[in-house]
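**Student:** Residues are numbered in this note's numbering as their position in the sequence shown, beginning at 1, plus a constant of 7.
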Amino acid sequence: LGAEDRESLMRMPRGKEYLMGKKEKKAALISLIDILFGFAYDLRSMEGESSCESPWTVAKLSPTLSWLDPPHSVEDACKGCVRRALAYPLYRTLALSKRVL
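1. I'd like to check one pair, lysine 67 with lysine 61: are the Cβ atoms closer than 8 angstroms?
2. Pull up the distance between the alpha-carbon of leucine 93 and that of lysine 32, whole angstroms please.
3. Can you tell me whether arginine 81 is buried or exposed? The criterion is at least 16 other CB atoms within 10 Å of its CB, across all chains shown.
4. Let me know if aspartate 76 comes out buried or exposed under the rule of 16 or more other beta-carbons within 10 Å of its beta-carbon.
5. Can the beta-carbon of aspartate 41 be found closer than 8 angstroms to that of threonine 64?
Following this line, the structure appears as structure tokens:
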């Protein structure tokens, strides 16, 4: 960066905090449940080896990643994950979904 760019950055307004409040933190943690479910499902179904299909599987099993639709409660997150696990991936068994959950 040049001196002019540094001066421009120094003049920018400061003081904004980007900390999450209680409500945002709860929503983020609930969204993390379905993302982790997708990761754990892929890990278990592929026996610990990721493949070129792994990102697709995680994204399809997580409503937060596939539709940007975060669940509103832990129960909704669990139901959504199991429903999507029975519809999208290669191995569609309720026993595997329950084991991952």
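All C-beta atoms, glycine included, are put in the ideal place defined by N, C-alpha and C.
Quick caveat: nothing in here was measured; it's all calculated off a predicted structure.
**Tutor:** According to the data block:
1. Correcting the residue identity first, residue 61 is serine in this sequence and not lysine. Result no, Cβ atoms of serine 61 and lysine 67 do not sit closer than 8 angstroms.
2. 29 angstroms
3. For clarity, residue 81 is valine in the given sequence; the question names arginine instead. By the 10 Å Cβ count, valine 81 comes out exposed.
4. exposed
5. no
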